[in-house]
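*Asks:* First, the structure itself, so that you have it in front of you.
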Amino acid sequence: MKKAIIVGATSGIGKGLAELLVEKQYQVGITGRRTERLEALTAQKPDSYISRTFDVTDTKEISDKLDALTAELGGLDLLIICSGTGDKNNGLEFAVTISRQ
20 MKKAIIVGAT SGIGKGLAEL LVEKQYQVGI TGRRTERLEA LTAQKPDSYI SRTFDVTDTK
80 EISDKLDALT AELGGLDLLI ICSGTGDKNN GLEFAVTISR Q
């Protein structure tokens, strides 16, 4: 089974991608700030989702939590970042920073 993590999966594109990947037989780690939304999505298919609440504005926190979630999934085939970072111009820089940590 392939494994993916979606950062920012509580609504919109992130949530839609999470649901699509589960349909495609992925095990999906989902993250976001809204615990109740993560829990609601996980409850739909508890064997397919692992959810963690965290805030992407703390790059140390996100790096540590992504490492832990990757370990819990048993590896990672796909990382999707769909969360806002508060600065509309730094999405690529944010992704590069995360990948280097």
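The sequence shown runs 20 to 120 under the working numbering. Glycine included, every Cβ here is placed at the ideal spot set by N, Cα and C.
#1: How long is the line joining the alpha carbons of L57 and K79, rounded to whole angstroms?
#2: Of the residues S67, R53, L98, which one's Cα is nearest the Cα of S82?
#3: Would a C-beta distance cut-off of 8 Å place C101 and I24 closer than the cut-off?
#4: Going by the beta-carbon positions, is the gap between L92 and K22 smaller than 8 Å?
#5: Please go through the stretch 36-72 and give each complete alpha helix (DSSP H) segment of 4 or more residues, from N-terminal end onward.
#6: Using the DSSP secondary-structure output, state which residues sit across from K22 in a beta bridge.
#7: Answer yes or no: do D74 and R52 have a C-beta to C-beta separation smaller than 8 Å?
*Replies:* So, to answer that:
#1: 21 Å
#2: L98
#3: no
#4: yes
#5: 54-63
#6: Q46
#7: yes
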